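Remarks on the structure that follows.
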Amino acid sequence: MLTIALPKGRLAEESIELFISRKWISQKPFENSKELTYEDSERNIKILFVRSQDVPIYVQEFAADVGVVGLDVLLEGNYDLLSPIDLKIGICRLSLAGLQNFQLTNYRRKIKVATKYPKLAKEYFFSKGMSCEIIKLYGSIELAPLCGLSDCIVDLVETGETLRANGLKEIEVILHSSARLVCNRSSFYQKREEITDLIYSLQTSF
Ligand code: PRP
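Just so you know, we're using my numbering here: the sequence shown kicks off at 6 and counts up by one.
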C-alpha cells in the first residue's frame, strides 16, 4: 500500500483534483468531514490529510511514502527527501511587500519583517547586505505593517487580492513557488514500481 500525504489549506483543492484527474482517488474524499485519512483498497492507497507545513515531516519520518508540498515550505525547512517532480499546481510567489510609501533604501537601521518564513526572509535581507528583525507570525501577515507591528512583510502572493484589499504593494519577488511531489528515500527503493507509476501518471498530460 502506498501512503500519500496531501496538504490541507490552500493547496488542498488543487492536489485532490490532480489525484482525481489521474484516477488515484475515485471521488472527492469526505466533503464536510473531519476524517483525516482515506483508504482506497482497490487502488491500494491511503491518503493522509496533513497541514501543509507538516507534509515534509510525515514523508521524511516514513509515516507517508510520498507527499505534496510547496517549494516555499521545502526551502524554509531542511529536509532529507527526494523531490522528483514539479506538479505545476499551487503556483504562487514569496514576495516582499509593504505600505505604499515603503522604500527598502530608507532602512539603514534594522528593518522589522513580519513573516511565516523566517529562514527565507533572513536569507533575502542577508543577500542585500541588510540586517533584519524577524517577527514570526502564523497567519494574516498583511496586518502587521498596517498596525505598526513591522516595517514590511515577506509572504505568499497568489492573486495579489489580499495585498490590494489591505492597501499594500508588492515590492520584489523573492521566490517563485509551486507544489512538488516529495518522496521518502527508503520508500523509493522499497516501492519503486508504485512510486514510478505515480510519478509517471502525475507528470503526463500537463
Ligand atoms: C496566504 C498568504 C496571503 C494570501 C495570499 O494566506 O499568506 O495572506 O494567502 O493570497 P492572494 O494573493 O491570493 O490574496 P492564507 O490564505 O494561507 O491564510 P493565512 O493568512 O491564515 O496564512
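By construction, the Cβ of each residue, glycine as well, lies at the ideal position given by its N, Cα and C atoms. It should be emphasised that the depicted structure is a prediction, and the values quoted were computed from it without experimental measurement.
Q | Environment of T120 [buried if 16+ CB atoms lie within 10 Å] | A | buried
Q) Does the distance from the CB of K124 to the CB of I140 come in under 8 Å? A) no
Q.
In this structure, how does DSSP classify F67 when only helix, strand and coil are distinguished?
A. coil
Q | Alpha-carbon spacing of Q58 relative to E66, whole angstroms | A | 14 Å
Q | Residues near E19 in its chain [Cβ-Cβ closer than 8 Å; skip 5 each side] | A | Correct list, in chain order: I94, G95 and A184.
**Q.** beta strand (DSSP E) runs wholly inside the region 82-136, at least 3 long, in chain order
**A.** 87-91, 97-104 and 116-120
**Q.** 7 Å Cβ shell around M6 - same chain, five flanking residues per side excluded
**A.** N49, I50 and K51
Q: Return the first residue and the last residue of the beta strand (DSSP E) that S192 is part of.
A: Where S192 is concerned, there is no enclosing beta strand (DSSP E), although the alpha helix (DSSP H) it sits in stretches over R190 to Q195.
Q) Under the three-state reduction of DSSP, which class applies to E44: helix, strand or coil? A) strand
Q. What is the C-beta distance between F107 and C188, in whole angstroms, given that I count them as a contact (C-beta under 8 Å)?
A. 40 Å between Cβ atoms; not a contact.
**Q.** As assigned by DSSP and simplified to three states, the class of I62
**A.** In this structure, I62 counts as helix in the three-state DSSP scheme.
(Q) Tell me the rounded alpha-carbon separation between E175 and Y84. (A) 29 Å
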